[in-house]
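Student: Before we start, here is the structure in question, set down as structure tokens.
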């Protein structure tokens, strides 16, 4: 691992402080290095607030060192006026002679123009340091801009014998809770990182879930529900005023491509699908998913509703006291070192 | 999980950005909340730089909100003049009416005096929110001040058949590398978090390790070696100039209590012991350890030097492609949700 990679790791570490808080912007961290020492660092906190490069430059006490320093940033600096002025201009203004970039910003507004601007100003620009990790940390942003659909995460919990829920026909309702409090806390943390959350219509009707963040600090995702047959009761918890809800009732949204296109059109960069089996399977069968997070508990239901079957690329397996967490991706990636779970 | 706990989680998250960088200070994060929104946050970056509370207060744009806000911090605010003025005074000056604290700072200079000062000024102070996690994130600091010795982490890697190394008598030297590049990267990250590193005399002589941080960005730990019989060659890598080394040659340091007392006296708050078996076993046998991190790979050596045997409280087991990582603590703790690995 060379020095540029080490400083890029720190950018990623800083960026991860803002996961789920920066929509529609990506998460970005930046460090400024003078003679092998970090003299400034920062991250983009939320849309409208200063970009990472600005925060990092502002944090440098002795600005006279900037013309002898290297600026590291996990994403190409912007070159356009958004809510804040272009970072490329600021870097040029401070005469920073070298910029190391994790990966190109492929969104239409930037897309190489930031790098061009820096190079045109005579700055030594290096692109592609920890590129895979830099793509991974902003996988929602990149999927949204490149595939024109939100990043789709499937999440479920199953028993050791492969059931996702008990049979609804059981007259005596037993507890259908599969995971420990620890796992549920982690799920709430995950919710803060995604822009939207969805479950199938039957899950809304049967479980009446709230789908908000209560066990972690962060933003509530937008609750998406499908109700093409008008079956969801008006007093369902997803219609309480604790978070935003978008209920899609048009028949066309039963087609997942149409659904994801629509979510893209309303600027939703990511969605976590939290059940049930049928809804999850429709994403799996149409190969419209990017990542799956599956808890397998030690409990047994003996009978019930079978969990989906999945094939994917294993990233991680974490064993905890009451359950094991499996993380899979749909496409092979090499994000083994950097992880934001 | 109530609201105070949620904001305390964010303090801990922020504090972890500075792990290994703040010695002799603890890691501290702080957030300021006005009407259920975080309006300022920060963390202590390194000794001499502003404390977390100062950074958080400075980051609030509209200071007129401070007299209507709550300040959260994972450790009791200081009440004494160190390299920076007391945080308790600053909180009082800004008329912040409520302060929520993770845990008391048990070091002699603070030890409840910060809380007393705040209360005397009429501030509503709540102490003990996510106390276990707040103690855990600063376990090195607390062990140092309360037990008057550094926090001791044992680390080793062993093969699936329980060997830590090959026999030195093998004429043909085969590779004795047990873990993957991924695990070695993680070990280097760990090194950045500890103040000192040590291996047994035989390991220095046989393996000639450098014991520095090369696969992560951060500080090198101080290299500690024991050489009571003058056996370590002067050209060993631990004596290169890439990091500080303290070589202890006095006979008395063969007693681990004396060794740890000495490390305490020179203000070392934590030490990671990276082998070999005999040295690790001496800490285990005398119960002078706090935490163990053990990699078990899938490879087999068939014969060799047996890894230590250990009994402890299991915290985590992480399965990766080439190895499994087990984390154990010597004493039962409940830090299952918060983790800084």
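Chains as they are written, first to last, in the working numbering: chain D, 524 to 864; chain P, 524 to 864.
Idealized CB from N, CA, C, for every residue including glycine.
Model, not experiment: these values are computed from the prediction.
Give me whichever residues DSSP pairs with residue 542 (chain P) in a beta bridge.
Tutor: Position 19 of the second chain, counting from 1, holds the residue named residue 542 (chain P). The partner list for residue 542 (chain P) (beta bridge, DSSP) is empty, contrary to what the question assumes.
Student: From D:779, D:625, D:787, pick the residue whose C-alpha is nearest to that of residue 535 (chain D); which is it?
Tutor: In the first chain, the residue the question calls residue 535 (chain D) occupies position 12. In this structure, D:625 is the residue among D:779, D:625, D:787 with its C-alpha nearest to the C-alpha of residue 535 (chain D).
Student: Thinking C-beta only, is residue 747 (chain D) closer than 9 Å to residue 803 (chain D)?
Tutor: Residue 803 (chain D) sits at position 280 when you count from the first residue of the first chain. Residue 747 (chain D) sits at position 224 when you count from the first residue of the first chain. Their beta carbons are not under 9 Å apart, which means residue 803 (chain D) does not touch residue 747 (chain D) by this criterion.
Student: Are the CB atoms of residue 666 (chain D) and residue 793 (chain D) nearer to each other than 9 Å?
Tutor: In the first chain, counting from the first residue as 1, residue 666 (chain D) sits at position 143. In the first chain, counting from the first residue as 1, residue 793 (chain D) sits at position 270. Yes, the Cβ-Cβ distance between residue 666 (chain D) and residue 793 (chain D) is below 9 Å.
Student: If you reduce the DSSP assignment to three classes, tell me which class residue 719 (chain D) lands in.
Tutor: As a position in the first chain, residue 719 (chain D) is number 196, starting the count at 1. DSSP places residue 719 (chain D) in strand when its eight states are reduced to three.
Student: Going by DSSP in three states, residue 713 (chain P) sits in which element: helix, strand or coil?
Tutor: Position 190 of the second chain holds residue 713 (chain P). Helix, per DSSP.
Student: Would you call the stretch 641 to 652 of chain P and the stretch 566 to 577 of chain P touching, i.e. three or more CB-CB distances under 8 Å?
Tutor: Under the Cβ criterion (8 Å, minimum of three pairs), the stretch 641 to 652 of chain P does not count as touching the stretch 566 to 577 of chain P.
Student: On the DSSP bridge list, what partners appear for residue 828 (chain P)?
Tutor: Counting from one through the second chain, the residue named residue 828 (chain P) turns up at place 305. Bridge partners of residue 828 (chain P): P:688.
Student: Whole alpha helix (DSSP H) runs in the stretch 578 to 638 of chain D with 4 or more residues, listed along the chain?
Tutor: 610 to 616
Student: Mapping DSSP to helix, strand and coil, what is residue 653 (chain D)?
Tutor: As a working note, residue 653 (chain D) is residue 130 in the first chain. DSSP places residue 653 (chain D) in coil when its eight states are reduced to three.
Student: Which residue from P:837, P:823, P:844, P:745 puts its Cα closest to that of residue 796 (chain P)?
Tutor: For this step, residue 796 (chain P) is matched to residue 273 along the second chain. The shortest CA-to-CA distance from residue 796 (chain P) to any of P:837, P:823, P:844, P:745 is the one to P:745.
Student: Please name the residues in the stretch 533 to 547 of chain P whose beta-carbon is closer than 8 Å to at least one beta-carbon of chain D, in chain order.
Tutor: 533, 536, 537, 540
Student: Is residue 672 (chain D) close to chain P? Criterion is C-beta to C-beta, closer than 9 Å.
Tutor: Against the first chain, residue 672 (chain D) aligns to sequence position 149. Chain P places no beta carbon closer than 9 Å to that of residue 672 (chain D), leaving this residue out of the contacts.
Student: Against chain D, with Cβ distances strictly below 9 Å, would residue 737 (chain P) count as a contact?
Tutor: As a working mapping, residue 737 (chain P) is identified with position 214 in the second chain. Interface residue, yes.
Student: Could you check whether the Cβ of residue 675 (chain P) sits closer than 8 Å to any heavy atom belonging to the ligand FAD?
Tutor: The ligand content of the structure shown is nil, which means the ligand FAD is not present either.
Student: In chain D, which residues lie less than 9 Å from residue 684 (chain P) when you measure between Cβ atoms?
Tutor: Translated into positions along the second chain, residue 684 (chain P) becomes position 161. None at all; the shortest Cβ gap to chain D is about 21 Å.
Student: Below 9 Å between beta carbons is the criterion; list the residues of the stretch 550 to 581 of chain P that meet it against any residue of chain D, in chain order.
Tutor: 554, 561, 564, 568
Student: Which residues does DSSP list as the beta-bridge partners of residue 768 (chain P)?
Tutor: Locating residue 768 (chain P) in the second chain gives position 245, where the first residue counts as 1. P:746, per the DSSP bridge assignment.
Student: Below 7 Å CB to CB, which residues in the same chain sit around residue 825 (chain P) once its five sequence neighbours on both sides are set aside?
Tutor: For this step, residue 825 (chain P) is matched to residue 302 along the second chain. The beta carbon of residue 825 (chain P) sits closer than 7 Å to the beta carbons of 684 from its chain, once the five residues preceding and following it are set aside; these are given in chain order.
Student: Consider the Cβ of residue 708 (chain D): report whether some Cβ of chain P lies at a distance smaller than 9 Å.
Tutor: The count along the first chain starts at 1 and reaches residue 708 (chain D) at position 185. Closer than 9 Å to some Cβ of chain P, the Cβ of residue 708 (chain D) qualifies, so yes.
Student: Tell me the rounded alpha-carbon separation between residue 538 (chain P) and residue 591 (chain D).
Tutor: As a working mapping, residue 538 (chain P) is identified with position 15 in the second chain. As a working mapping, residue 591 (chain D) is identified with position 68 in the first chain. Each residue's CA atom was taken as its position, placing residue 538 (chain P) and residue 591 (chain D) some 30 Å apart.
Student: Using 10 angstroms around the beta-carbon of residue 740 (chain D), count the other beta-carbons present and answer buried if the total reaches 16, otherwise exposed.
Tutor: Against the first chain, residue 740 (chain D) aligns to sequence position 217. With 16 or more Cβ atoms within 10 Å of its Cβ, residue 740 (chain D) is classed as buried.
Student: Report the rounded CA-to-CA distance for residue 808 (chain P) versus residue 799 (chain P), giving the unit in angstroms.
Tutor: Taking the first residue of the second chain as 1, we reach residue 808 (chain P) at position 285. Taking the first residue of the second chain as 1, we reach residue 799 (chain P) at position 276. Their Cα atoms are separated by approximately 14 Å.
Student: Is residue 528 (chain P) helix, strand or coil when you go by DSSP?
Tutor: Residue numbering aside, residue 528 (chain P) sits at position 5 when the second chain is read from its first letter. Looking at residue 528 (chain P) - three-state DSSP - the assignment turns out to be helix.
Student: Please list, in chain order, all residues of the same chain as residue 862 (chain D) whose beta carbon is under 6 Å from its beta carbon, the five residues on each side excluded.
Tutor: Translated into the one-based positions of the first chain, residue 862 (chain D) becomes position 339. Here the model assigns residue 862 (chain D) a pLDDT of 49, short of 50, so the residue's position is not dependable, and the following value carries that caveat. Cβ within range, chain order: n/a, list empty.
Student: So residue 680 (chain D) and residue 719 (chain D) are in contact, right, with Cβ under 8 Å, and what is the actual spacing, rounded?
Tutor: Counting from one through the first chain, the residue named residue 680 (chain D) turns up at place 157. Counting from one through the first chain, the residue named residue 719 (chain D) turns up at place 196. Rounded to whole angstroms, the Cβ separation of residue 680 (chain D) and residue 719 (chain D) is 20 Å, and the two are not in contact under 8 Å.
Student: When burial is assigned at 16 or more other CB atoms within 10 Å of the CB, is residue 631 (chain D) buried or exposed?
Tutor: Position 108 of the first chain holds residue 631 (chain D). Residue 631 (chain D) comes out exposed.
Student: Classify residue 845 (chain P) as helix, strand or coil using the three-state DSSP reduction.
Tutor: On the second chain, residue 845 (chain P) is found 322 positions in, with the first residue counted as 1. Reduced to three states, the DSSP call for residue 845 (chain P) is coil.
Student: Residues of chain P with CB under 7 Å from residue 529 (chain D), in chain order?
Tutor: Against the first chain, residue 529 (chain D) aligns to sequence position 6. Ordered by position in chain P, the residues that pass the 7 Å Cβ test against residue 529 (chain D) are 739, 740.
Student: With a threshold of 8 Å, are at least 3 pairs of Cβ atoms found where one atom belongs to the stretch 537 to 555 of chain D and the other to the stretch 579 to 593 of chain D?
Tutor: Contact annotation: the stretch 537 to 555 of chain D touches the stretch 579 to 593 of chain D, with at least three C-beta pairs closer than 8 Å.
Student: Rounded C-beta distance between residue 682 (chain P) and residue 815 (chain P)? I'm assuming under 8 Å.
Tutor: Residue 682 (chain P) sits at position 159 when you count from the first residue of the second chain. Residue 815 (chain P) sits at position 292 when you count from the first residue of the second chain. No, residue 682 (chain P) and residue 815 (chain P) are not in contact; Cβ-Cβ is about 17 Å, not under 8 Å.
Student: Determine the DSSP secondary structure at residue 551 (chain D), reduced to helix, strand or coil.
Tutor: Against the first chain, residue 551 (chain D) aligns to sequence position 28. Looking at residue 551 (chain D) - three-state DSSP - the assignment turns out to be coil, as it is neither helix nor strand.
Student: So residue 828 (chain P) and residue 664 (chain P) are supposed to be a Cβ contact under 8 Å. How far apart are they, rounded?
Tutor: For the purposes of this step, residue 828 (chain P) is identified with residue 305 of the second chain, where counting begins at 1. For the purposes of this step, residue 664 (chain P) is identified with residue 141 of the second chain, where counting begins at 1. Not quite, the Cβ-Cβ distance comes to about 35 Å (not below 8 Å), so this is no contact.
Student: How long is the line joining the alpha carbons of residue 531 (chain P) and residue 659 (chain P), rounded to whole angstroms?
Tutor: If you number the second chain from 1, residue 531 (chain P) lands on position 8. If you number the second chain from 1, residue 659 (chain P) lands on position 136. Taking the straight line from one Cα to the other gives about 13 Å.
Student: Suppose the cutoff is 6 Å on Cβ atoms and the five residues either side in sequence are ignored; what does the same chain contact list for residue 621 (chain P) look like?
Tutor: Residue 621 (chain P) sits at position 98 when you count from the first residue of the second chain. Non-local C-beta neighbours of residue 621 (chain P) in its own chain, meaning closer than 6 Å and more than five positions away in sequence, comprise 593, 647, ordered along the chain.
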